[in-house]
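Engineer: Just dropping this structure here.
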Amino acid sequence: MALSSQEAIAATISDADDTTSVAAAAAPISLQPANLKDIPHLTDFVPNLQTHANPLDHNPYFHTFTGFYLTRSDIVLRQIAYDLSGTFSSSSPHFAYLRAGPRRDVYFEPSNTRAAIVTCGGLCPGMNTVIRELVVGLWDLYGVREIFGVTAGYRGFYSREPLRLNPKIVHNWHKRGGTVLETSRGGFDLEKIVDAIEKHGFNQLYIIGGDGTMRGAVKIFEEIRHRKLNVAVVGIPKTVDNDVGIIDRSFGFQTAVEMAQQAISAAHIEAESAVNGIGLVKLMGRNVGHIALHATLSSRDVDCCLIPEIDFYLEGKGGLFEFLDQRLKENGHAVIVVAEGAGQDIIPRSQAQKEERDESGNLVFLDVGVWLKSELKKWWEMDHQADELFTVKYIDPTYMIRAVAANATDNSYCTLLAHSAIHGIMAGYTGFVAGPINGNYAYIPLEDVAKAKNAVNTKDHKWSWVRSVTNQPDFVKS
Ligand SMILES: Nc1ncnc2c1ncn2[C@@H]1O[C@H](COP(=O)(O)OP(=O)(O)O)[C@@H](O)[C@H]1O
Ligand SMILES: O=P(O)(O)OC[C@H]1O[C@](O)(COP(=O)(O)O)[C@@H](O)[C@@H]1O
Ligand SMILES: [Mg+2]
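FYI, UniProt numbering numbers position 125 of the sequence shown as 125, with every residue one higher than the one before it.
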C-alpha cells in the first residue's frame, strides 16, 4: 500500500547554522510516498476482513486522547543526521517506517484470537520479559484469552503440544534469565510448521529470535500468504550479538555488555597482579564485534580489542606481539578482548573443521581464545629469556553474559517492544518486525530485517574511538 498524496511528508531542515551555505540549507529533504517502507497487511491477501473498534476505547487505564491512535501518516525516519553543506550528501533514499502504536481500527476480535509465541536460536537476556509482556499485553489491553507458548523453538510447532499461558503463569518471568518456553536451533520444516499453525487455529504469531529466526519467519509469512490464511506474523528481534540490522540495538545487548565487563575487570586484576601478565577475555560475537567493542569502550581496561570485522596478525611489524611487547615494557601488563568470530581465518583448521556447522547451519568456530593463549605462550618462550616471568590468564565467560535476566533498561525496552508488536498485529499488519529506530518504535518489513546485517562499521567514529582508547595497531600491513 502506498501513502495517499495528502499523506506525503515533506520534512524541511530549517535551523541550519550560519556557516552552512544558504542554498544547501534551503534544500528540503523531501519524503515521497515511495520512501515509506510499507509493511504487508492481512487485507492484501485475505478478502472481506471486518474491522472492529479498538478495545482500548473502553480500557479503564487509557484515555484515548487526540493523537492516541496512530495513522499511516505517523512515521519514523531512518536517517536523522544530515550534512547541510551537501558535501557528503548521500544518494540513498530517505527511508521512513510506520510508527508503532495502537490503531483506531483492529482486525481481530478478542474472542476469535488465538496467539502463539515462540522463541528460537540462542539465549538473550530479556526473552522471558518479552513473552511476559506479550501475554499480559494481549490479555489486559485487548482482552485476548487464548494465548499459547510454542515450546522448544520452531520444531515445537509440530512436535509439542502448545502451552496455554495467562498473566498469572507469567507474572514473574521477567526476573528470570533464558526462556521458559525453551529454545532450539534447527528443526525448521516449513510445511509442518504452517500445517501445525492451521491445525491449532493460531491467527497471531509472535516469533522471537535472531537473524536465522527472522529468515525462517519470512518463509512462514510467505507460506501463510500463499495459502491465504488469516494469520498475522510479527518478528521480535532477539540477538545478544546485536547483529540484526536497521533497529537501534537488540534487547539484552546492554545487559550482556554489563556482564562482559565483569570478565574484563577480573582479567585486568589478574594481569596487573602478575609479572608480565596478559589478561585475555573471549566474548560472544559470531560475526560481529559489538559486545567486544562496547565492553572495551566502557571498561577502559582493555589494551587491544579484536573483532571479526578487522583482520589481525600476530608476528612482525605492526602485529599483535610487537604491540604487546611494548605494552608489557610500559605497563607490566596488558588486557586483550577478543570476539569469538575474530581471527577465524588465521587459526589452522582441518577440512572437517572447515565444514562443521550447527543445527541451524551456522559455521562452528574454533576457539580463538584457546588458540591465542597458546600462541602467546609460544611467542614468549621463543622471543624472551627463560627466566623472564610471563603469564596469560584466559577468561571465557561464554554463556554467563547471556544466561541472565535483563537489566532495567532492557526490561523496559522489552515491554515497549512487546506492546508495539501487539498493536501492529491487532491492526492487521503482518510480515513485519517491531523495533526501535532512532529511539522511536517502528514497524519494519520482516524481509528487510532478515536481510540486514549489523556489522561494526570500522570506518566510523566509534571504532576510531576504540582505537584512541586502546591505541592498538590498525593491523594494516605497510
Ligand atoms: N535461512 C533459514 N531459513 C529458515 N529457517 C532458518 C534459517 N536460518 C535459521 N533458521 C532457523 O531459525 C532458528 C534459529 O536460527 P539460529 O541461527 O540458530 O538462531 P538465531 O535466530 O538466533 O540467529 C532455527 O530453528 C533455524 O533452523
Ligand atoms: O552454543 P550456542 O547456544 O549455539 O550459542 C553460541 C552462539 O550464540 C550466540 O550468542 C549468537 O546466537 P544467536 O545466533 O542465537 O543470536 C553467538 O555469539 C554464539 O556463537
Ligand atoms: Mg544468529
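Glycine is no exception: its CB is placed at the ideal position from the N, C-alpha and C atoms.
Here the structure is a predicted model, which means the values were calculated and not measured.
Grab the span of the alpha helix (DSSP H) containing residue 524 for me, first residue to last.
Structural biologist: Beyond the ends of the chain as shown, which are 1 and 478, falls residue 524; an answer cannot be given.
Engineer: Going by alpha carbons, who is nearest to alanine 260 out of Val76, Gly245 and His290?
Structural biologist: When only C-alpha atoms are compared, the closest one is His290.
Engineer: With a 10 Å radius around its C-beta and 16 neighbouring C-beta atoms as the bar for buried, classify alanine 23 as buried or exposed.
Structural biologist: Interpretation of alanine 23 is limited by its pLDDT of 42, a score under 50 that renders its predicted location unreliable; no figure is taken from the coordinates.
Engineer: What three-state label does DSSP hand glycine 277 in the structure shown?
Structural biologist: It is a strand residue.
Engineer: Does DSSP put tyrosine 142 in a helix, in a strand, or in coil?
Structural biologist: In the structure shown, tyrosine 142 sits in a helix (DSSP, three-state: H, G or I).
Engineer: Which residue comes first and which comes last in the beta strand (DSSP E) that contains tryptophan 261?
Structural biologist: Per the sequence shown, the amino acid found at residue 261 is glutamine instead of tryptophan. Taken as a continuous stretch (DSSP letters only), glutamine 261 belongs to no beta strand (DSSP E), being part of the alpha helix (DSSP H) at 253-272.
Engineer: Can you tell me whether proline 348 is buried or exposed, with buried defined as 16 or more other CB within 10 angstroms of its CB?
Structural biologist: Looking at its Cβ environment, which holds fewer than 16 other Cβ atoms inside 10 Å, proline 348 is exposed.
Engineer: How many angstroms separate the CA atom of aspartate 211 from the CA atom of glutamate 381?
Structural biologist: Going from the Cα of aspartate 211 to the Cα of glutamate 381 covers about 43 Å.
Engineer: Quick one: residues in its chain with C-beta nearer than 7 Å to the C-beta of residue 528, no 5 flanking neighbours on either side, listed in chain order?
Structural biologist: With the chain represented from 1 up to 478, any question about residue 528 goes unanswered, as that position is not in the structure.
Engineer: What three-state label does DSSP hand glutamate 137 in the structure shown?
Structural biologist: It is worth fixing the name first, because residue 137 is glycine in this sequence and not glutamate. The answer is helix: DSSP assigns glycine 137 an H, G or I state.
Engineer: Is aspartate 105 helix, strand or coil by DSSP?
Structural biologist: Reduced to three states, the DSSP call for aspartate 105 is strand.
Engineer: Excluding the 5 residues flanking proline 473 on each side, which residues of the same chain have their C-beta closer than 6 Å to its C-beta?
Structural biologist: Counting only Cβ-Cβ distances below 6 Å, and skipping sequence neighbours, we find Gly318 and Phe323.
Engineer: Kindly identify the DSSP beta-bridge partner or partners of valine 337.
Structural biologist: In the DSSP output, where bridge partners are listed per residue, valine 337 has Val281 and Cys305.
Engineer: Less than 7 Å between the CB of glycine 285 and some heavy atom of ligand 2, yes or no?
Structural biologist: Yes - ligand 2 has a heavy atom lying nearer than 7 Å to the Cβ of glycine 285.
Engineer: Going by beta-carbon coordinates alone, are proline 55 and glycine 126 separated by less than 8 Å?
Structural biologist: Contact flag unset, no.
Engineer: Taking 7 Å as the cut-off, is the CB of arginine 357 close to at least one heavy atom of ligand 2?
Structural biologist: Incorrect: arginine 357 has no Cβ contact closer than 7 Å to ligand 2.
Engineer: In angstroms with no decimal places, state the Cα-to-Cα distance between cysteine 120 and tyrosine 158.
Structural biologist: Approximately 14 Å, taken between the alpha carbons.
Engineer: What number of angstroms, rounded off, separates the C-alpha of alanine 25 from the C-alpha of alanine 81?
Structural biologist: At alanine 25, the pLDDT of 44 sits below 50, so the modelled position is not reliable; the number obtained from the coordinates is stated separately. The straight-line gap from Cα to Cα measures roughly 14 Å.
Engineer: Would residue 480 be called buried (16 or more neighbouring beta carbons within 10 Å of its own) or exposed?
Structural biologist: Here the chain has residues from 1 to 478 only, and residue 480 is not among them.
Engineer: Cα-Cα, which of Arg227, Val456 and Leu98 is closest to arginine 78?
Structural biologist: It is Leu98.
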